[in-house]
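Enquirer:
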Amino acid sequence: MPRIYLSPPDISPNDHASVDAVLTSNWVAPVGPALDAFETAVAKRVNRTHAVALNSGTAALHLALQILGISAGDAVVCPTLTFAASANPICYLGAEPVFVDSEAHTWNMDPDLLEEALQCRQDIKAVIVVHLYGQCAEMHRILEICSRFEVPLIEDAAEALGAHYRGRPAGSMGAFSFFSFNGNKIITTSGGGMLLADDNAAIQHARYLATQAREPVAHYEHKSIGFNYRMSNVLAGLGNSQLADLDRRIQTRRAHFNAYQQALASLPGLEFMPIVEPEAPNYWLTCLTIDPETSGCSRDQLLSALSAADIEARPLWKPLHQQPIFKDTTCYGGAFATRLFERGLCLPSGSSMSLSERQFIIDTIHSAWAKSAHK
Ligand SMILES: *Cc1c(COP(=O)(O)O)cnc(C)c1O
63 MPRIYLSPPD ISPNDHASVD AVLTSNWVAP VGPALDAFET AVAKRVNRTH
113 AVALNSGTAA LHLALQILGI SAGDAVVCPT LTFAASANPI CYLGAEPVFV
163 DSEAHTWNMD PDLLEEALQC RQDIKAVIVV HLYGQCAEMH RILEICSRFE
213 VPLIEDAAEA LGAHYRGRPA GSMGAFSFFS FNGNKIITTS GGGMLLADDN
263 AAIQHARYLA TQAREPVAHY EHKSIGFNYR MSNVLAGLGN SQLADLDRRI
313 QTRRAHFNAY QQALASLPGL EFMPIVEPEA PNYWLTCLTI DPETSGCSRD
363 QLLSALSAAD IEARPLWKPL HQQPIFKDTT CYGGAFATRL FERGLCLPSG
413 SSMSLSERQF IIDTIHSAWA KSAHK
């Protein structure tokens with residue numbers, strides 16, 4: 063059996079046809095009709111009025127922070143349990159990240175600790191909330207706190223395309239939101255991202271900054287420093303066919319989650335990521351924790367057993383406050399995220415994974431438990 067990856071790209075003949083149609087049209091660089099269509103389709107899907115397609119989710123966050131006026135001397139809140147890309151753009155602008163621990167219901171940013179951070183520090187000028195592993199944070203509280211403190215909220219929905227929160231799409235709730243279409247996400251453009259808002263002027267500004275800040279004149283005229291952050295029309299062709307397949311992908315990933323849960327729930331010490339509303343997440347990755355005291359098999363023993371069987375599984379995100387680069391950065395709380403990192407892992411969850419591959423993973427986990435029970 064070939065290696066089973068965590069979340070590989072899922073490419074179908076429709077994707078080949080969609081990219082081929084773009085190439086045949088000769089709208090190769092940089093913008094074109096496929097790009098416009100992709101922006102419109104994603105915005106419609108997540109209930110936003112405006113969107114700009116970019117070459118990464120990281121670029122989208124960078125532009126959002128810059129348009130909000132974040133600069134040196136400012137602080138920006140970000141959860142500690144996330145990928146470094148949720149925080150790096152804060153540093154690109156010379157501002158300071160302030161990390162906040164996770165809560166136990168969704169593993170996302172703890173609203174109480176967010177409130178404490180905003181009470182303690184007057185220099186916080188924006189908040190980034192992350193919808194980790196495809197499940198939304200406790201947005202009713204986070205939105206209320208941000209509006210009470212009059213701080214703009216950016217949704218890092220990189221992992222959460224197609225997810226909902228109490229009926230509202232992930233990516234529809236903050237002043238800005240963004241998605242990633244990196245190769246491991248639920249849909250991919252190989253590399254890509256999108257910034258969304260309901261403020262036309264803000265998205266126009268992002269589009270201007272993303273295309274080298276060119277003034278609208280025939281000669282090249284510049285009044286600010288720009289970036290080369292735009293998505294290409296060819297990749298948007300891939301995005302369009304991938305987006306059309308999003309609902310099937312969510313269903314498939316959800317079926318993986320349910321099957322893992324059914325097959326593994328009886329193993330002592332093993333617990334799945336809590337799901338608040340079963341209809342709401344996009345089930346990007348199936349995540350679980352292992353209690354070393356009650357399981358007999360530790361997280362690292364399980365990772366080794368999976369790796370020996372050529373199955374790619376990974377620990378949860380290493381908290382940013384534990385990263386060498388952020389070791390001197392303030393973190394409100396942090397113990398819960400640390401505990402998740404020590405005990406947690408993600409299982410292969412791709413929408414192209416076969417039932418026999420899934421069964422092989424389940425069998426490998428059962429035999430890891432059986433071995434540890436005999437020791
Ligand atoms: C993938 C990811 C990003 C970054 O997206 P890129 O498109 O890879 O730049 C940001 N935040 C989170 C939570 C992610 O998972």
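Residue 173 in the working numbering is what sits at position 111 of the sequence shown, and the numbering runs on without skipping anything. Glycine included, every Cβ here is placed at the ideal spot set by N, Cα and C. Just so it is clear, the structure is predicted and the values come from calculations on it, not from any experiment.
(1) Looking only at its chain, what residues have a beta carbon closer than 8 Å to the beta carbon of ASN295, apart from the 5 residues adjacent to it on each side?
(2) Assuming LEU143 and TRP379 make a contact with CB atoms under 8 Å, what is their CB distance in whole Å?
(3) If you scan the stretch 326-356 from start to end, which runs of the beta strand (DSSP E) of 3 or more residues do you find wholly inside it?
(4) Beta-carbon separation of PRO159 and ALA149 under 8 Å?
(5) MET171: buried (16+ other C-beta within 10 angstroms of its C-beta) or exposed?
(6) Which first and last residues belong to the beta strand (DSSP E) in which HIS383 is found?
(7) Rounded to whole angstroms, what is the Cα-Cα separation between ALA113 and PHE100?
(8) Taking only three categories from DSSP, how would you classify ALA275?
(9) Just to check my reading of the structure: VAL139 and VAL189 have Cβ atoms closer than 8 Å, yes? What is that Cβ distance to the nearest angstrom?
(10) Curious, which full-length alpha helix (DSSP H) runs of at least 4 residues does the stretch 120-172 contain?
(11) Looking at GLY406 and ligand 1, is the gap between the Cβ and the nearest heavy atom below 7 Å?
(12) According to the Cβ coordinates, are GLY331 and THR251 closer than 8 Å?
(13) Assess contact between the stretch 351-367 and the stretch 231-238, defined as three or more Cβ pairs (one per stretch) separated by less than 8 Å. Is contact present?
(14) Could you give the first and the last residue of the continuous alpha helix (DSSP H) run that contains LEU205?
(15) Cα separation between ARG210 and ILE204?
(16) Give every residue of the same chain whose Cβ lies closer than 6 Å to the Cβ of PHE422, excluding the five residues on either side of it in the sequence, and list them in chain order.
(17) Going along the chain, which residues of its own chain have a beta-carbon closer than 6 Å to the beta-carbon of PRO71, five neighbours each way excluded?
(18) Between SER133 and the rest of its own chain, which residues show a CB-CB distance below 8 Å, the 5 nearest in sequence each way excluded?
(19) Buried or exposed for GLU177, please, with buried defined as at least 16 other CB atoms from any protein chain shown within 10 angstroms of its CB.
(20) Can you say whether TYR227 is buried or exposed, counting buried as having 16 or more other CB atoms within 10 angstroms of its CB?
(21) Going by DSSP, what residue range makes up the alpha helix (DSSP H) through LEU297?
(22) Can the beta-carbon of ALA115 be found less than 8 Å from the beta-carbon of ILE216?
(23) Helix, strand or coil, according to DSSP, for CYS198 in the structure here?
(24) Do CYS349 and ASP163 have their C-beta atoms closer together than 8 Å?
(25) How would you write the range of the alpha helix (DSSP H) that ASP185 sits in, first residue to last?
(26) With hydrogens ignored, establish whether the beta-carbon of GLU221 is closer than 7 Å to any heavy atom of ligand 1.
(27) Below 8 Å between beta carbons: does that hold for ARG65 and GLU419?
(28) Between SER69 and ligand 1, is there a pair consisting of the residue's CB and a ligand heavy atom that are separated by less than 7 Å?
(29) Give me the Cα-Cα distance between SER118 and LEU329, rounded to the nearest whole angstrom.
(30) Just to confirm before moving on: does the CB-CB distance between VAL235 and MET201 stay below 8 Å?
(31) With DSSP run on the structure shown, which of helix, strand or coil describes PHE289?
(32) Closest to SER413 by C-alpha separation, out of ARG183, LEU364 and ASP309, would be which residue?
(33) Counting C-beta neighbours from all protein chains within 10 Å, is the total for ASN76 16 or more, i.e. buried, or is it exposed?
(34) Shortest alpha-carbon distance to ASP299 belongs to which of LEU271, GLY253 and PRO381?
(35) Should VAL90 be listed as close to ligand 1, given that the test is whether its C-beta is under 7 Å from any heavy atom?
(36) Mind checking GLY196: buried by the 16 CB within 10 Å criterion, or exposed?
Expert: If we stick to the structure as given:
(1) VAL84, TRP89, VAL90, ALA91, PRO92, VAL93, GLY94, PRO95, ALA96 and LEU97
(2) 6 Å
(3) 332-334 and 348-352
(4) Yes, the pair counts as a contact, with Cβ atoms nearer than the cut-off.
(5) buried
(6) Taken as a continuous stretch (DSSP letters only), HIS383 belongs to no beta strand (DSSP E), as it is neither H nor E.
(7) 9 Å
(8) coil
(9) 4 Å
(10) Counting only runs of 4 or more, we get 150-154.
(11) no
(12) No, they are not a contact pair.
(13) no
(14) 201-210
(15) 10 Å
(16) none
(17) GLY245 and THR250
(18) LEU155, GLY156 and ALA157
(19) buried
(20) buried
(21) Looking at the DSSP string, the run of the alpha helix (DSSP H) that includes LEU297 is 295-306.
(22) no
(23) Here CYS198 sits in coil by DSSP.
(24) no
(25) Run containing ASP185: none; DSSP gives neither H nor E here.
(26) Yes, the Cβ of GLU221 comes within 7 Å of a heavy atom of ligand 1.
(27) no
(28) In terms of side-chain proximity, the C-beta atom of SER69 is found no nearer than 7 Å to any non-hydrogen atom of ligand 1.
(29) 39 Å
(30) A small fix is needed here, since residue 235 is Met in this sequence, not Val. Yes.
(31) coil
(32) SER413 has its Cα closest to that of ASP309, out of ARG183, LEU364 and ASP309.
(33) exposed
(34) Reading off the sequence shown, one finds Gly at residue 299, where the question assumed Asp. Among LEU271, GLY253 and PRO381, the Cα nearest to that of GLY299 is on GLY253.
(35) no
(36) buried
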